[in-house]
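Student: First, the structure itself, so that you have it in front of you.
2 protein chains.
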Amino acid sequence: MYSIRELSEIAGVSARTLRYYDQIGLLKPAYTNEAGYRFYGEQEINMLQQILFYRERGMDLKSIRKILYDEEFDLAGALEEHLRDLEQQKNRIDLLIDLVQRSIRAMKGVGDMRDAEKFQAFKENAVKQHEDMYGAEARRKYGDEEVDEAQRKVLNMTEEEYERFENLGKEIRERLKEAVLADVSPDSEEAGRIVMLHKEWLGMTWKKYTEEAHKAMANLYISDERFQAYYDREVPGCAVFLEQAIRNKVGAEK
Amino acid sequence: MYSIRELSEIAGVSARTLRYYDQIGLLKPAYTNEAGYRFYGEQEINMLQQILFYRERGMDLKSIRKILYDEEFDLAGALEEHLRDLEQQKNRIDLLIDLVQRSIRAMKGVGDMRDAEKFQAFKENAVKQHEDMYGAEARRKYGDEEVDEAQRKVLNMTEEEYERFENLGKEIRERLKEAVLADVSPDSEEAGRIVMLHKEWLGMTWKKYTEEAHKAMANLYISDERFQAYYDREVPGCAVFLEQAIRNKVGAEK
DNA sequence: CTTGACTTTGACGCTGCGTCAACTTATATC
DNA sequence: GATATAAGTTGACGCAGCGTCAAAGTCAAG
Chain L
2 MYSIRELSEI
12 AGVSARTLRY
22 YDQIGLLKPA
32 YTNEAGYRFY
42 GEQEINMLQQ
52 ILFYRERGMD
62 LKSIRKILYD
72 EEFDLAGALE
82 EHLRDLEQQK
92 NRIDLLIDLV
102 QRSIRAMKGV
112 GDMRDAEKFQ
122 AFKENAVKQH
132 EDMYGAEARR
142 KYGDEEVDEA
152 QRKVLNMTEE
162 EYERFENLGK
172 EIRERLKEAV
182 LADVSPDSEE
192 AGRIVMLHKE
202 WLGMTWKKYT
212 EEAHKAMANL
222 YISDERFQAY
232 YDREVPGCAV
242 FLEQAIRNKV
252 GAEK
Chain E
2 MYSIRELSEI
12 AGVSARTLRY
22 YDQIGLLKPA
32 YTNEAGYRFY
42 GEQEINMLQQ
52 ILFYRERGMD
62 LKSIRKILYD
72 EEFDLAGALE
82 EHLRDLEQQK
92 NRIDLLIDLV
102 QRSIRAMKGV
112 GDMRDAEKFQ
122 AFKENAVKQH
132 EDMYGAEARR
142 KYGDEEVDEA
152 QRKVLNMTEE
162 EYERFENLGK
172 EIRERLKEAV
182 LADVSPDSEE
192 AGRIVMLHKE
202 WLGMTWKKYT
212 EEAHKAMANL
222 YISDERFQAY
232 YDREVPGCAV
242 FLEQAIRNKV
252 GAEK
């Protein structure tokens with residue numbers, strides 16, 4: 002029989018820990034004195050070793066109790082679930098590391114760090130908004146990898162690059178509107194130039210440009226109401242015009 | 002001016018969170034009503050965005066407060082420190098994942114999982130004890146990588162392998178004692194056989210066997226009192242005998 | 001003046017113990 | 001048997017970052 006201090010020294014845990022384990026019903030002493038003193042036997046040492054075995058693997062005490070006391074408990078299943086949990090934690094940390102590294106890079110060489118901070122936050126906001134609006138659709142169509150990569154590209158842009166990206170988008174919409182209002186043909190030279198701008202604009206976020214993807218994107222503009230609404234907001238017909246122009250130009254280049 | 006609910010909706014956090022931030026002095030409202038109602042302005046929105054910016058990167062609120070309120074605070078330094086912290090967390094998780102994966106593998110195909118569990122714990126104990134005793138010395142001499150690899154090798158042993166490993170060690174010590182008691186020469190055939198056993202024994206944990214390392218190990222036996230004590234515990238002279246035998250045999254093989 | 005929507009403070013809960021504090025017991029010494 | 005000391009006991013608070021009641025006060029609208 003071992004006193005609480007003896008067991009704590011054998012197992013390398015504090016007496017407080019043993020009392021706590023008693024309290025939550027994880028490890029009861031073999032018996033208690035009439036004065037309330039706790040005494041542990043060999044069995045309890047074994048139990049404690051098992052507890053520590055799982056604790057070292059990062060399991061919470063509630064799960065450990067289930068493993069050790071629920072008869073016929075699915076041990077293998079519990080371990081695999083715990084493994085998945087750990088991998089999620091790891092993914093989360095990897096994400097944080099990525100974010101912090103990017104922030105450090107972005108703030109280096111920039112005069113005002115607070116400025117860089119705000120710019121970062123701004124880009125993140127833009128990406129998040131975009132994700133909320135088109136994320137599901139894009140992921141279904143191009144896959145998670147492509148979309149994640151595109152987002153990474155945006156997040157890594159410098160202020161100059163981002164400004165160019167925004168201006169490009171604006172210029173496309175402007176020239177589209179003018180073309181549609183002037184009733185220009187989607188086969189015209191101006192339409193071709195707009196398509197080239199659009200291609201450049203896409204290239205700033207896509208991992209790699211392909212004609213297929215470009216045409217698929219164009220198709221989205223007329224088939225998905227949210228995309229269509231985006232281009233037709235001020236002048237109706239822009240989405241259709243852009244789609245035709247892309248279909249002509251990108252098909253003809255071949 | 003925004004009420005607490007308005008700000009919480011703008012920023013996507015709960016009102017409770019805002020009250021908590023007020024309480025810990027992280028974000029005070031622009032002013033409070035005579036009734037205690039909190040009201041926030043544009044400045045506070047900005048502040049909150051900054052807070053959330055760092056919170057998303059996994060920083061604790063205390064650090065964030067320092068960053069935002071301590072004038073001339075070393076922002077870059079804080080970010081890099083945080084990065085190191087995250088990397089440590091990642092290392093810890095990687096270690097846990099490794100442990101759990103090994104446990105899952107070890108328990109698969111074994112009849113009694115509790116048995117496998119105990120065996121794992123047993124090996125871990127052995128490795129830990131060894132680390133406590135010789136770890137620092139070994140790491141200085143062979144480097145962390147080698148030692149870690151050796152430990153991994155032991156931890157991955159099956160029960161049969163581990164038994165063989167233990168028996169080999171015991172046999173070496175037994176035959177050493179007999180040889181020394183019988184006053185056999187370190188040049189003798191029996192000494193040679195012991196050296197071969199010792200080589201096999203080392204091979205079970207070392208990443209790769211080299212004669213240099215073998216001789217260095219032998220040298221440890223006579224130069225380090227803890228190693229010497231290990232072999233001389235029952236019959237004095239065993240450590241010296243083994244060292245000489247290894248020096249002869251390993252040198253002569255060339 | 002009443003209703004209903006908001007807001008306030010206060011307090012417990014969660015995780016796994018560390019760390020007092022105030023007391024009671026066991027053990028060794030004289 | 002008295003006493004000093006070591007070891008044990010049961011609370012209870014603290015930590016981080018809020019979620020989640022509860023009880024009570026406040027505001028704008030009708």
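One line per chain: the protein sequences are L and E, in this order. If you're matching positions, the first sequence starts at 2 in my numbering and goes up one per residue. If you're matching positions, the second sequence starts at 2 in my numbering and goes up one per residue. Every residue, glycine too, gets a C-beta built ideally from N, C-alpha and C.
Can you tell me whether L/F74 is buried or exposed, with buried defined as 16 or more other CB within 10 angstroms of its CB?
Tutor: The residue labelled residue 74 of chain L in the question sits at position 73 within the first sequence. Per the 10 Å Cβ criterion, exposed.
Student: By DSSP's criteria, L/S4 is part of a beta bridge. Which residues make up the other side?
Tutor: Within the first sequence, the letter at position 3 stands for residue 4 of chain L. Paired residue(s): L/F40.
Student: Counting only C-beta atoms, is E/I94 closer than 9 Å to chain L at any point?
Tutor: Numbered from 1 along the second sequence, position 93 holds the residue referred to as residue 94 of chain E. At least one chain L Cβ lies under 9 Å of E/I94.
Student: Could you tell me whether any Cβ in chain L is nearer than 9 Å to the Cβ of E/K91?
Tutor: Taking the second sequence and counting its residues from 1, the one referred to as residue 91 of chain E is at position 90. E/K91 counts as touching chain L.
Student: In this structure, does DSSP put E/K255 in helix, strand or coil?
Tutor: Within the second sequence, residue 255 of chain E is the residue found at index 254, counting from 1. At E/K255 the pLDDT is 46, less than 50, meaning the model places this residue with poor confidence; the figure from the coordinates comes in the next sentence. The answer is coil: DSSP assigns E/K255 none of H, G, I, E or B.
Student: Which residues of chain L have a Cβ atom closer than 9 Å to the Cβ of E/M114, listed in chain order?
Tutor: Counted from its first residue, the second sequence places residue 114 of chain E at position 113. What E/M114 touches in chain L: L76 and A77.
Student: Check the Cβ-Cβ distances between L/K255 and every residue of chain E, and say whether any is below 9 Å.
Tutor: Translated into the one-based positions of the first sequence, residue 255 of chain L becomes position 254. Residue placement at L/K255 is flagged as unreliable, the pLDDT there being 46, under the threshold of 50; a coordinate-derived value is accordingly withheld.
Student: Can you tell me whether DSSP reads E/Y222 as helix, strand or coil?
Tutor: Taking the first residue of the second sequence as 1, we reach residue 222 of chain E at position 221. Of the three classes helix, strand and coil, the one that applies to E/Y222 here is helix, per DSSP.
Student: In or out: L/P237 buried (at least 16 other Cβ within 10 Å) or exposed?
Tutor: On the first sequence, position 236 is the one that residue 237 of chain L refers to. L/P237 should be labelled exposed.
Student: Please list the segments of the alpha helix (DSSP H) lying wholly inside the stretch 188-248 of chain L, counting only runs of 4 or more residues, in order along the chain.
Tutor: 190-204, 212-224 and 226-233, all fully within the stretch 188-248 of chain L.
Student: Please tell me whether L/V196 has its Cβ less than 9 Å away from any Cβ of chain E.
Tutor: Position 195 of the first sequence, counted from the start, is the residue given in the question as residue 196 of chain L. Not one chain E Cβ lies under 9 Å of L/V196.
Student: Between the C-alpha atoms of E/S64 and E/A117, what's the straight-line distance to the nearest angstrom?
Tutor: As a working note, residue 64 of chain E is residue 63 in the second sequence. As a working note, residue 117 of chain E is residue 116 in the second sequence. If you take the alpha carbons of E/S64 and E/A117, they lie about 44 Å apart.
Student: Classify E/Y3 as buried or exposed, calling it buried when 16 or more other Cβ atoms lie within 10 Å of its own Cβ.
Tutor: Against the second sequence, residue 3 of chain E aligns to sequence position 2. Answer is buried; the Cβ neighbour count reaches 16.
Student: Roughly how many whole angstroms lie between the Cα atoms of L/N168 and E/G37?
Tutor: On the first sequence, position 167 is the one that residue 168 of chain L refers to. On the second sequence, position 36 is the one that residue 37 of chain E refers to. Taking the straight line joining both Cα atoms gives about 46 Å.
Student: Is DSSP giving E/T159 helix, strand or coil here?
Tutor: Position 158 of the second sequence holds residue 159 of chain E. Three-state result, E/T159: coil.
Student: Would you mind working out which of L/A192, L/T33 and L/I52 sits nearest L/C239, comparing C-alpha positions?
Tutor: For the purposes of this step, residue 239 of chain L is taken as the residue at position 238 of the first sequence. For L/C239, the nearest C-alpha among the options comes from L/A192.
Student: Can you grab the Cα-Cα spacing for the pair L/A12 / E/R176, in whole Å?
Tutor: The residue given as residue 12 of chain L occupies position 11 in the first sequence. The residue given as residue 176 of chain E occupies position 175 in the second sequence. In a straight line, the C-alpha of L/A12 is about 35 Å away from that of E/R176.
Student: To the nearest angstrom, how far is the alpha carbon of L/N34 from that of E/A122?
Tutor: Your numbering for residue 34 of chain L matches position 33 in the first sequence. Your numbering for residue 122 of chain E matches position 121 in the second sequence. When rounded, the distance between both Cα atoms is 31 Å.
Student: Fully enclosed by the stretch 31-86 of chain E, which beta strand (DSSP E) runs are 3 residues long or longer?
Tutor: DSSP runs (the beta strand (DSSP E)) wholly in the stretch 31-86 of chain E: 39-41.
Student: Alpha carbon to alpha carbon, what distance is there between L/N249 and L/I223?
Tutor: On the first sequence, position 222 is the one that residue 223 of chain L refers to. On the first sequence, position 248 is the one that residue 249 of chain L refers to. When rounded, the distance between both Cα atoms is 15 Å.
Student: With contact counted as at least three CB pairs below 8 Å, one residue from each stretch, are the stretch 53-64 of chain E and the stretch 43-50 of chain L in contact?
Tutor: These segments do not touch.
Student: Measuring only from the beta carbon, is E/N126 closer than 8 Å to any heavy atom that is part of the ligand COA?
Tutor: The model on display carries no ligand, and the ligand COA is accordingly not part of it.
Student: Can you tell me whether DSSP reads L/D184 as helix, strand or coil?
Tutor: Taking the first sequence and counting its residues from 1, the one referred to as residue 184 of chain L is at position 183. Correct three-state label for L/D184: coil.
Student: In terms of alpha-carbon separation, which member of L/F40, L/N92 and L/M108 lies closest to L/E160?
Tutor: In the first sequence, residue 160 of chain L corresponds to position 159, counting from 1. Per the Cα distances, L/M108.
Student: Once you ignore the five residues that flank L/Y232 on each side, which residues in its own chain have a CB closer than 8 Å to its CB?
Tutor: The residue given as residue 232 of chain L occupies position 231 in the first sequence. Excluding sequence neighbours, L/Y232 sits near R174, L177, Y222, C239, A240 and L243.
Student: Within the same chain, show all residues whose beta-carbon is closer than 7 Å to that of L/L62, passing over the 5 residues directly before and after it, in chain order.
Tutor: One-based indexing of the first sequence puts residue 62 of chain L at position 61. Counting only Cβ-Cβ distances below 7 Å, and skipping sequence neighbours, we find I25 and L27.
Student: E/R103 and E/L156 look like a contact to me (Cβ under 8 Å); what is the Cβ gap, rounded to whole Å?
Tutor: As a first step, residue 103 of chain E must be located in the second sequence, where it is residue number 102. As a first step, residue 156 of chain E must be located in the second sequence, where it is residue number 155. Yes, E/R103 and E/L156 are in contact; Cβ-Cβ is about 6 Å, under 8 Å.
Student: For E/Y70, which of E/K29, E/A214, E/V14 and E/F166 has the nearest alpha-carbon?
Tutor: Locating residue 70 of chain E in the second sequence gives position 69, where the first residue counts as 1. Nearest option by C-alpha distance: E/K29.
Student: If I measure Cβ to Cβ from E/E162 and keep anything under 6 Å in the same chain, skipping five residues before and after, which residues do I get?
Tutor: As a first step, residue 162 of chain E must be located in the second sequence, where it is residue number 161. If we look at E/E162 and ignore the five residues flanking it on each side, it has no Cβ neighbours.
Student: Measure the C-alpha to C-alpha separation of E/L76 and L/D95 and round it to an integer number of angstroms.
Tutor: The residue given as residue 76 of chain E occupies position 75 in the second sequence. The residue given as residue 95 of chain L occupies position 94 in the first sequence. Spanning the two alpha carbons is a distance of roughly 21 Å.
Student: In whole angstroms, what separates the C-alpha of L/K255 from that of L/R106?
Tutor: Translated into positions along the first sequence, residue 255 of chain L becomes position 254. Translated into positions along the first sequence, residue 106 of chain L becomes position 105. Note that L/K255 scores 46 on pLDDT, short of 50, meaning its location in the model is unreliable; the coordinates nonetheless yield the value given after this. Whole-angstrom Cα-Cα distance: 41 Å.
Student: For L/L182, does the count of other Cβ atoms within 10 angstroms reach 16, so buried, or fall short, so exposed?
Tutor: Walking along the first sequence from the start, residue 182 of chain L turns up at place 181. Exposed.
Student: When Cβ atoms are compared, which residues of the stretch 23-57 of chain L fall closer than 9 Å to chain E?
Tutor: Correct list: N47, Q50, Q51, L53, F54, Y55 and E57.
Student: Applying the criterion that 16 or more other CB atoms from any shown protein chain within 10 Å of the CB defines a buried residue, is L/Q152 buried or exposed?
Tutor: The residue labelled residue 152 of chain L in the question sits at position 151 within the first sequence. Buried.
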